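Q:
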Ligand SMILES: Nc1ncnc2c1ncn2[C@@H]1O[C@H](COP(=O)(O)OP(=O)(O)OP(=O)(O)O)[C@@H](O)[C@H]1O
Ligand SMILES: [Mg+2]
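Numbering (this note's numbering), first residue to last: 58 to 298.
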């Protein structure tokens with residue numbers, strides 16, 4: 058599909074949701090372009106994961122629209138959005154317990170209609186430097202390789218946007234540097250839009266083109282990372298809250 062020609066590549070407007078009888082998100086507006094890395098930061102409980110759940114189609118919002126390539130996708134289910142090119146990763150990298158790496162990648166290929174060839178899986182594994190043997194059991198994988206296995210499963214479908222929920226969580230610094238490089242390559246060389254949720258601000262410093270700060274279900278600041286850090290509202294909510 059032609060991402061270049063879309064006026065509105067990916068956005069949401071006036072998103073709100075109630076969960077457990079409480080309003081968890083209100084009036085959320087975001088917009089991201091192909092090749093852009095948009096960081097979403099905010100303290101625990103700000104609603105970052107809930108927003109991703111709405112954007113990927115797992116939660117249904119109370120108000121508002123999600124727009125992808127100029128079309129309203131409110132009615133599209135999770136798997137439909139995935140097939141349309143919207144990939145997502147989870148805060149905790151849960152892998153199928155009873156499968157090997159190769160079996161998992163095969164299942165991922167077969168989740169696509171038509172089935173993807175094995176070369177697509179090999180290509181995606183290369184992109185994220187996922188080099189473990191394919192007969193290794195998933196349960197033997199460390200956190201970093203679990204994340205790489207899941208990224209491989211997403212990238213073989215050639216997504217146009219990836220929604221990532223704290224991809225650096227549970228990783229050491231050298232691994233985080235590698236993730237940064239991978240995300241830079243995916244966005245800047247492959248023109249994939251990357252929306253990355255993170256609660257440690259410093260992790261976005263090197264990769265985010267722009268950041269949005271959320272607190273208690275609302276967007277409280279948006280712009281350059283350096284500018285938002287200096288914003289008094291952000292200091293109050295984020296650093297002293
Ligand atoms: N399914 C649910 N039912 C009820 N409340 C929920 C549900 N999911 C999330 N919440 C509540 O919504 C609020 C926002 O949660 P969310 O997980 O979206 O925050 P977050 O910004 O991702 O936080 P963290 O940085 O800890 O991951 C929290 O108060 C949480 O308890
Ligand atoms: Mg979260």
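Even for Gly, the Cβ is constructed at its ideal location relative to N, Cα and C. In this text the structure is predicted, and so the values were computed from the model without any measurement.
Compare the Cα-Cα distances from residue 200 to each of 223, 218, 184, 215 and report the closest residue.
A: On the chain shown, residue 200 is found 143 positions in, with the first residue counted as 1. Among 223, 218, 184, 215, the Cα nearest to that of residue 200 is on 223.
Q: Three Cβ pairs or more, each shorter than 8 Å: is that satisfied between the segment 114-129 and the segment 63-80?
A: Verdict: yes, contact present.
Q: With DSSP as the reference, label residue 199 as helix, strand or coil.
A: As a working note, residue 199 is residue 142 in the chain shown. Note: residue 199 maps to coil in three-state DSSP.
Q: Please indicate yes or no: does the CB of residue 149 lie closer than 6 Å to some heavy atom of ligand 2?
A: As a first step, residue 149 is located in the chain shown; it is residue number 92 there, counting from the start. Residue 149 Cβ: outside cutoff for every heavy atom of ligand 2.
Q: In terms of residue numbering, what span does the beta strand (DSSP E) encompassing residue 85 cover?
A: Working through the chain shown from its first residue, we reach residue 85 at position 28. Taken as a continuous stretch (DSSP letters only), the beta strand (DSSP E) holding residue 85 covers 79-89.
Q: Helix, strand or coil: how does DSSP classify residue 115 here?
A: Taking the chain shown and counting its residues from 1, the one referred to as residue 115 is at position 58. Here residue 115 sits in coil by DSSP.
Q: Tell me the start and end of each unbroken alpha helix (DSSP H) in the segment 190-260 that is at least 4 residues and wholly inside, in chain order.
A: Fully enclosed alpha helix (DSSP H) runs of 4 or longer: 200-212, 230-241.
Q: From which residue to which residue does the beta strand (DSSP E) around residue 92 run?
A: Walking along the chain shown from the start, residue 92 turns up at place 35. From DSSP, residue 92 is part of no beta strand (DSSP E); its letter is neither H nor E.
Q: Just to confirm my understanding: we take residue 279, look at its own chain, exclude 5 residues before and 5 after, and list those with CB closer than 8 Å. What are they?
A: For the purposes of this step, residue 279 is identified with residue 222 of the chain shown, where counting begins at 1. Correct list, in chain order: 267, 268, 269, 270, 285.
Q: How many angstroms separate the CA atom of residue 239 from the CA atom of residue 251?
A: By 1-based counting over the chain shown, the position of residue 239 is 182. By 1-based counting over the chain shown, the position of residue 251 is 194. Rounded to whole angstroms, residue 239 to residue 251 spans 11 Å at the Cα level.
Q: Select from 101, 133, 127, 100 the residue whose C-alpha is nearest the C-alpha of residue 111.
A: Sequence index remark: in the chain shown, residue 111 carries index 54 (1-based). When each option's Cα is compared against that of residue 111, the closest is 133.
Q: Rounded to whole angstroms, what is the Cα-Cα separation between residue 221 and residue 253?
A: The sequence position of residue 221 within the chain shown is 164, counting from 1. The sequence position of residue 253 within the chain shown is 196, counting from 1. Approximately 5 Å between the Cα atoms of the pair.
Q: Tell me the rounded alpha-carbon separation between residue 274 and residue 229.
A: Residue 274 sits at position 217 when you count from the first residue of the chain shown. Residue 229 sits at position 172 when you count from the first residue of the chain shown. About 29 Å.
Q: In its own chain, which residues sit with a C-beta less than 6 Å from the C-beta of residue 218, not counting the 5 before and 5 after it?
A: Position 161 of the chain shown, counting from 1, holds the residue named residue 218. So the qualifying residues of the chain are 67, 143, 250.
Q: Below 8 Å on the Cβ atoms is my contact criterion, and I expect residue 243 with residue 262 to pass it. Report the Cβ-Cβ distance as a whole number of Å.
A: Here residue 243 refers to the residue found at position 186 when the chain shown is read from its first residue. Here residue 262 refers to the residue found at position 205 when the chain shown is read from its first residue. Residue 243 to residue 262, Cβ: 18 Å. No contact.
Q: Since I believe residue 256 is in contact with residue 99 (beta carbons under 8 Å), could you give me their beta-carbon distance rounded to a whole number of angstroms?
A: Within the chain shown, residue 99 is the residue found at index 42, counting from 1. Within the chain shown, residue 256 is the residue found at index 199, counting from 1. 7 Å between Cβ atoms; contact.
Q: Relative to ligand 1, what is the chain-ordered list of residues with a Cβ closer than 5 Å to any of its non-hydrogen atoms?
A: Taken from the N-terminal end onward, the list reads 76, 77, 81, 101, 102, 103, 104, 105, 106, 107, 256.
Q: Figure out for me which residue from 117, 81, 137 has the closest Cα to the Cα of residue 169.
A: Stepping through the chain shown from its first residue, residue 169 is reached at position 112. The option with the nearest alpha carbon to residue 169 is 137.
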